[in-house]
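Reading through the structure tokens given below for one structure.
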Amino acid sequence: MLICDDYLIPTTLAEAFAAMAQHRGRSRVVAGCTDTFPWAREGRAGDVEISVIIDISKIPELNERRIDDRRVRLGAATPIQRFLDDASLGRALPAMPRCAVWFADDQIRAQATIGGNIINASPAADGTPCLIAHEAEVELAKDAGGKIVRRRMKLDQFVTGPNKTVLDEDELLTAIECDALPGYGGSFEKVGHRRSLVISLVCLATLVKLDAQGRHIEDVRLAIAGIAPKPLRLGDVETFLRGRPISMERLERAADMPVGLVASRTRQDYRRDVVRGFMLRGLINAARRAGASADVLAPELEAAYA
Amino acid sequence: MARKRGRGMAACWYGIARTATVDRAAAWAEIDDGGSAKIITGVTEIGEGILTVLAQIAAHEMGVKPEHVVIGDNDTARAPEAAHAGASRQTYMIGNVVALAAREARKRLVECMAEVWDVDVGSIGTGNGEIWAENSNHRIPMGEAVSIAKNRGVVPVGSATFGTDTTGLDAVDGAGRPWQAYVFGAQVAEVEVDTVTGEVQVLGIWAAHDVGRAVNPQGVEGQIEGGIVQALGQGLMEDYKLDQGRTSTSGFAKYILPTSLDVPRINSIIIEDPDPIGPLGVKGVGEPAMVPTIPAIMNAIYDAVGVRITALPATPEKLLMAIREKEQRERQMQAAE
Amino acid sequence: MPDIRLEATVNGRKIARNARPHQRLLDFLRDDLHLTGNKEGCGAGECGTCSVFVDGVLMKSCLLPVAKAQGATIETIESLARSGELSVLQKAFHQAGASQCGFCIPGMVMAATAAIRANPFADREEIKERLGGNICRCTGYQKIFDAVEMARDVQNGRLPATAFADIDAEAGDYIGKTVRRIDAPSKVSGKLKYAGDMTMPDMLQVQVLRSPHAHARIVSIDTSAAEAMDGVEGVITSADVPGEDGFGVFVNDQPIMARDKVRYIGEAVAAVAAEDPLTARRALAAIRVEYEPLPPVFDPEDAMREGAPVVHDYAPDNITKHIPIRVGDVDRGFAESDLVVEETYATQAIEHAYLEPEAGLAYVDHDGVVTIVSPSQNITHHRHMLARIIAQPISKVRFIMSPVGGGFGGKEDMIFQGMLALLAMKTQRPVRLVFTREESIISTAKRHPSRTTLRMGLMRDGSIHALHMTMICDGGAYGLSTEGVMRKAAILGAGPYVIPNVRVDTYGIYTNNTPSGAFRSFGALQTQFATESHLDICAERLGLDPFEIRRINAMRDGAVTHTKQKLGSVSLTRALDALEEACGWEQGAPVSRGNNRKDLDRDDIRPPVALGARFAATAKRQAAE
């Protein structure tokens, strides 16, 4: 059970920082707040008394949405559901809709925010590896003597481990920026114990851009979660594949590369096994959606892995 | 092929009503003002649809419409004992006793009207809220008949008790008559196994179950469909975990239940082998519906990937590891040759 | 603690009310506005029973702080049939038989409403995806999908409105007809009240203190600080039980609250009745219990060994019940068999997971009758036991069954009604207890986990000549239905087959784990999982089709069971024949033909789920535009 004395909804960043300073040590910042009540229950945190909750979801800056042909900028309070109901956003970030459709369910997606998901840094947070594959950067803000100062960093540097980020105590995550990748094919592979509202064991985000004939890989991005304390960008694999023609031989070699990175606390054998299969499935699905030519992506091949 | 299909089947049997002890139930019935009816019995509706079944039986026996049957609340101070919800017993025990009580209530009314119309009791028919005498002009709404009866000092009530002729088991060899009604069934499952992840999807189940006599076919299907999905949950994903007596699965985030995306298309085949003892021929289905499901699924998985899971649940990790072990054994055997 | 002044529009009505900052929207709707159609099935956003529309968007109100509803337009289940007529979707749920216990149904109707609003042409796969956040434990979802498709078709004119109609019964012949469920309208509208929705004037809220130890002696319990707290009206322990303490199903081995020792983590130790739940919880924290831990036993086979900790003094070997079945001579039978196959099978403990967590009210009425209102599956038995426990004549004890939001055997045990009765008697005020989901999972009965060793001897022709089965079940800390489970397992375990030599032993064992109790198909599910898996193993070895090996051994009319009972008509082969035909089964020994089978992929199965059905719908729409 959660008990709190005050629930504040600041309408500007300055107001939010003032509240955080005033109630330092006895407040909690929330955006979507989908994780707070489930956390304050038996079996997890139990009964929790927090003096002040500061809800930043109504600050206009945190609800920004800007898409151009190179970059996408989303406020941290953007609900996850936007990736499913905002068609141009889905086109600009091709793997995100695939990821979002696996994220909890419609009701929770309408409330949960991108920023909240990132800050929680749950090892099972699916959004993070997917954003990393889109070259996501986070923008952080804090109040420095009455002036708002900001810093930016890559998302894969921001998350440092399970439930750990480099966010300062008096800092807020305000926006996420990433590459707009129209024309890329995206895929998101995930496994859990059932098909909906499921906590993932391993998940892989893949983005592929092919040449006009659909035979050469012009660009590829891969990010994986569930195999290490934090999500990993598979830079080595990308380098191996970028600029090369699609061939099963090359894809198979690429699929073997991340297997050695599996360093999870539990179920290592299972994750190693799944990683290899996901690599192939993810690359094949993304390539198909990117318009791969039928003669390099033979149907038997697809059936073997898809 | 990454995705492998397979089919498996299993049979089952089950006993209806309380095990190895005498079961019993009672009911009171009344054909009431305006052509309605009252049924009072210790019925425990827990979603299986027994209230509707009883309304149908009462309507059928008393000649009224089901929507005019009022069933009293289950209250120890207001209703006669009908024992509990469980053992797939309510349609059998309470359905049968309601039929008997309803027949007694009808008998009172029919005898009254036979006198009023001066006809044979056997020539009186009832149904859909009306009462009539064959080969005559007599046909009036049920409500009118009740009024006539009451004006003659007769309230059309009935009561009944229904018990089973069953015994306990011998302490040494278990001999005895634990039930007087048995049901039989079988199911086929079709599954798809994803050999990349070990995930199993159950795509279809065909379920043939003897229910004695189906009072409400849609209700029977509902029991079969619900039971199958519960069994599927146990087969593939549910697991109440304890470590030193403490559970790590105290909420639905960790205790995984089947969602709308996990369930097969279920095709029910209702078999009717009427019970010769009870007045209606009904038996039961709530529990038998889920007995063959898990072995049918496990046998289907074996058909798909040649791996047998003997310890539940068949989670993706367990299945994938078993598939890999099998592949390794086969490679070793080939190498040896 | 400053209140929030909440101004919003709820079901078309403008409201302005004070709310507490930590209230969830769900609490505000249910407790302050008495809109109890929306339920708390889990409180953690997992089950969907709390789903409501906030500014037209479906959300889980158990996750929403009430302040987030400031200025919003809220629609609950009660808004759908506001004019008095059920919505098209609600009518479809009624017509399709989509409601069973009804507890998940308001939330499910809301999710279905959201699905059709989002895509009025959604196909079955997209409908399933959009219902993915709502759990149903009773229906298996099939008729829910049918209902949503029906509503979609009526709305789009593909089905006439007359699709929603009563059946026409000839001359009153109602048996064998699909009459619509008479309780469905109350469930699809959210009007039916379950125990957790009921309130009485002057009512107190109850919370229960539960044991943190699996096995420990209770040295002392000091309730004085709790009793002195403002707002606390009564605190009880086993010392407050006036009569013969002990309830159960076959053996009355369980006290209302722990007496002398605790036997499992989660066992009730004390209970508090206070003006509100928060005060009651604070009072629990003020109760001082001194425990002396005892060595626990968690594995049933360990519990059966010499020198194991004894859970109940009356059963020094920790055996709750052993049921034997003996037919013929299995040793000779195996010696005579052509093929002997042995295997071990294990099933796990399972939670009932009815969507309605346990809840109940109790009061002493004007005639001094102690009255309990609860979703009990066996009020007759409960009344018997409670009268003895509270030392009242049975005519002064009354059990009323409230609508049951799912049972499956899990609401057969009288695990909280005794505490309610005592608190009602002590405070002379109505009292209510509503379990949290976690409390329900931790403290109530589970399906018996089992370990079964099965040995079958068969002749070359496929007939089973001998069967030896031993099943050991962890019965947990109290007996509950263990005896019945062992008995049913023993009677049915060998399957509906004619077998000349049978030896079955089932053992239910006491341990310090969560008690195991009744769960739909108990005993049969565990054993027939073993037997039916085993038959396929044997079929493969003998080159027999799975249907064939069962036909060879099937009981037929007049068969004698393993308890030596002669049966009348036996429909097994009828069921097998009908099944084989209905599914178009391809015959053959079960040698893992898999993808090579020719009977796969017919149109009476569903397509595999890949997630993303709504993408296909969007693509189709975009292509059409």
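Residue numbers (the numbering used here), protein chains in the order written: chain A, 1 to 306; chain B, 307 to 643; chain C, 644 to 1268. Where is the CB? At the ideal position from N, CA and C, for every residue including glycine. This one's a predicted model, so the numbers in the text were calculated from it and none came from an experiment.
HIS677(C) burial status per 10 Å Cβ neighbour count (16 or more: buried): Translated into positions along the third sequence, residue 677(C) becomes position 34. Under this definition HIS677(C) is an exposed residue.
Count the other C-beta atoms from every protein chain shown that fall within 10 angstroms of the C-beta of ASP1200(C), then say buried if there are 16 or more, exposed otherwise. Translated into positions along the third sequence, residue 1200(C) becomes position 557. The residue in question, ASP1200(C), is exposed, as its Cβ has fewer than 16 Cβ neighbours within 10 Å.
For PHE490(B), which residues from the same chain have a beta carbon less than 6 angstroms from its beta carbon, with the 5 sequence-adjacent residues on both sides left out? Residue numbering aside, residue 490(B) sits at position 184 when the second sequence is read from its first letter. So the list reads TRP319, ASP516, once near-sequence residues are dropped.
LYS786(C): first and last residue of the uninterrupted alpha helix (DSSP H) it sits in: Here residue 786(C) is taken as the residue at index 143 of the third sequence, counted from 1. Here the alpha helix (DSSP H) through LYS786(C) covers 785-798.
Taking 8 angstroms as the CB-CB cut-off, is GLU1175(C) touching chain B? Here residue 1175(C) corresponds to residue number 532 of the third sequence, with the count starting at 1. Yes, because at least one Cβ of chain B sits closer than 8 angstroms to the Cβ of GLU1175(C).
Among THR327(B), ALA331(B), MET368(B), the one whose alpha carbon lies nearest that of ALA343(B): Counting from 1 along the second sequence, the entry for residue 343(B) is found at position 37. Measuring from the Cα of ALA343(B), the nearest candidate turns out to be MET368(B).
What does the alpha-carbon distance come out to for the pair VAL613(B) and THR503(B)? Numbered from 1 along the second sequence, position 307 holds the residue referred to as residue 613(B). Numbered from 1 along the second sequence, position 197 holds the residue referred to as residue 503(B). If I take the Cα positions, the gap works out to 15 angstroms.
CA-CA distance, GLU1229(C) and LEU1168(C)? In the third sequence, residue 1229(C) corresponds to position 586, counting from 1. In the third sequence, residue 1168(C) corresponds to position 525, counting from 1. Distance between the alpha carbons of GLU1229(C) and LEU1168(C) is about 26 angstroms.
Mind pulling the chain C residues with CB within less than 7 angstroms of PHE490(B)? As a working note, residue 490(B) is residue 184 in the second sequence. Per Cβ cutoff of 7 angstroms: PRO1139, VAL1213, SER1214, LEU1215, ALA1218.
On the criterion of 16 or more Cβ atoms from any shown chain inside 10 Å, does VAL862(C) qualify as buried, or is it exposed? Along the third sequence, read from residue 1 onward, the residue named residue 862(C) stands at position 219. Burial call: exposed.
If you draw a straight line from the C-alpha of PRO582(B) to the C-alpha of PHE1258(C), how long is it? Taking the first residue of the second sequence as 1, we reach residue 582(B) at position 276. Taking the first residue of the third sequence as 1, we reach residue 1258(C) at position 615. Their Cα atoms are separated by approximately 55 angstroms.
Need the endpoints of the beta strand (DSSP E) that ARG1094(C) sits in, please. Looking up residue 1094(C) in the third sequence gives position 451. ARG1094(C) -> beta strand (DSSP E) spans 1093-1101.
Please classify LYS657(C) as buried or exposed, where buried requires at least 16 other C-beta atoms within 10 Å of its C-beta. Counting from 1 along the third sequence, the entry for residue 657(C) is found at position 14. When all chains shown are included, LYS657(C) counts as exposed.
Under 8 angstroms between C-beta atoms, does PHE103(A) make it to chain B? What you label residue 103(A) is simply residue 103 of the first sequence in a count that begins at 1. With 8 angstroms as the cut-off, PHE103(A) does not count as an interface residue toward chain B.
Flag CYS705(C) as yes if its beta-carbon sits less than 8 angstroms from any beta-carbon of chain A, otherwise no. Here residue 705(C) refers to the residue found at position 62 when the third sequence is read from its first residue. Taking Cβ atoms only, chain A reaches closer than 8 angstroms to CYS705(C), which makes this a yes.
Proximity of ASN605(B) and GLY314(B) at Cβ, strictly below 8 angstroms: Stepping through the second sequence from its first residue, residue 605(B) is reached at position 299. Stepping through the second sequence from its first residue, residue 314(B) is reached at position 8. Yes, the Cβ-Cβ distance between ASN605(B) and GLY314(B) is below 8 angstroms.
Of the residues ASP256(A), ARG151(A), ASP179(A), PRO38(A), which one's Cα is nearest the Cα of GLY90(A)? Within the first sequence, numbered from 1, the residue matching residue 90(A) stands at position 90. Of all alpha-carbon atoms in ASP256(A), ARG151(A), ASP179(A), PRO38(A), the one lying nearest the alpha-carbon of GLY90(A) is that of ASP179(A).
Just to confirm before moving on: does the CB-CB distance between GLY1118(C) and ILE1192(C) stay below 8 angstroms? Numbered from its first residue, the third sequence carries residue 1118(C) at position 475. Numbered from its first residue, the third sequence carries residue 1192(C) at position 549. No. Outside cutoff.
Applying the criterion that 16 or more other CB atoms from any shown protein chain within 10 Å of the CB defines a buried residue, is VAL535(B) buried or exposed? To locate residue 535(B), count along the second sequence from 1; it is residue 229. Counting every other CB atom within 10 Å of its CB across the protein chains shown gives VAL535(B) a total of 16 or more, marking it as buried.
DSSP three-state call for ASP114(A): helix, strand or coil? Counted from its first residue, the first sequence places residue 114(A) at position 114. Note that residue 114(A) corresponds to Ile in the displayed sequence, not to Asp. Here ILE114(A) sits in helix by DSSP.
Give the list of continuous beta strand (DSSP E) stretches no shorter than 3 residues that lie fully inside the stretch 971-1036 of chain C. The qualifying runs are 982-990, 1002-1007, 1013-1017.
Taking any Cβ of chain A, which residues in the stretch 364-391 of chain B have a Cβ under 8 angstroms from it, in chain order? none
Compare the C-alpha of GLY1227(C) against each of VAL1213(C), LEU1243(C), LEU1215(C) and name the closest. On the third sequence, residue 1227(C) is found 584 positions in, with the first residue counted as 1. Considering only alpha carbons, the answer is LEU1243(C).
Just the C-alpha distance for LEU93(A) and ALA133(A), rounded to the nearest angstrom, thanks. Numbered from its first residue, the first sequence carries residue 93(A) at position 93. Numbered from its first residue, the first sequence carries residue 133(A) at position 133. Those two C-alpha atoms are separated by around 10 angstroms.
Using 8 angstroms as the limit for Cβ to Cβ distance, is PHE37(A) near chain C? Here residue 37(A) corresponds to residue number 37 of the first sequence, with the count starting at 1. Closer than 8 angstroms to some Cβ of chain C, the Cβ of PHE37(A) qualifies, so yes.
Would you verify that the beta carbon of VAL851(C) is, or is not, closer than 8 angstroms to some beta carbon of chain A? Numbered from its first residue, the third sequence carries residue 851(C) at position 208. No, no contact with chain A.
What do you reckon, are the CB atoms on GLU578(B) and GLY518(B) nearer than 8 angstroms? Taking the first residue of the second sequence as 1, we reach residue 578(B) at position 272. Taking the first residue of the second sequence as 1, we reach residue 518(B) at position 212. For GLU578(B) and GLY518(B), yes; Cβs fall inside 8 angstroms.
Determine the contact status of THR206(A) and LEU222(A), defining contact as a CB-CB distance below 8 angstroms. Looking up residue 206(A) in the first sequence gives position 206. Looking up residue 222(A) in the first sequence gives position 222. Yes, the pair counts as a contact, with Cβ atoms nearer than the cut-off.
Nearest residue (CA-CA) to ARG1090(C), options LEU1066(C), GLY1160(C), MET1129(C), ALA1133(C): Here residue 1090(C) corresponds to residue number 447 of the third sequence, with the count starting at 1. Measuring from the Cα of ARG1090(C), the nearest candidate turns out to be GLY1160(C).
Is it right to say GLY1048(C) is buried, meaning 16 or more other beta carbons lie within 10 angstroms of its own, or is it exposed? Taking the first residue of the third sequence as 1, we reach residue 1048(C) at position 405. Here GLY1048(C) is buried, its C-beta having at least 16 other C-beta atoms within 10 Å.
Proximity test, Cβ basis, 8 angstroms: LEU626(B) and chain A: Position 320 of the second sequence, counting from 1, holds the residue named residue 626(B). Nearest CB-CB separation between LEU626(B) and chain A: below the 8 angstroms threshold.
Residues near GLU387(B) in its chain [Cβ-Cβ closer than 8 angstroms; skip 5 each side]: Stepping through the second sequence from its first residue, residue 387(B) is reached at position 81. So the list reads ARG330, ALA331, ALA332, GLY348, once near-sequence residues are dropped.
Considering Cα atoms alone, identify which of GLY435(B), ALA466(B), TYR561(B) is closest to GLY340(B). The residue you call residue 340(B) lines up with position 34 of the second sequence. When each option's Cα is compared against that of GLY340(B), the closest is GLY435(B).
In three-state DSSP terms, what is GLU410(B)? Taking the second sequence and counting its residues from 1, one reaches residue 410(B) at position 104. Residue state, collapsed to three classes: helix.
Exposure label - SER247(A); buried when at least 16 CB within 10 Å: Translated into the one-based positions of the first sequence, residue 247(A) becomes position 247. That one is exposed.
Apply the 10 Å Cβ neighbour rule to PHE764(C) and answer buried if 16 or more other Cβ atoms are within range, or exposed otherwise. Position 121 of the third sequence, counting from 1, holds the residue named residue 764(C). Exposed, because fewer than 16 other Cβ atoms sit within 10 Å of the Cβ of PHE764(C).
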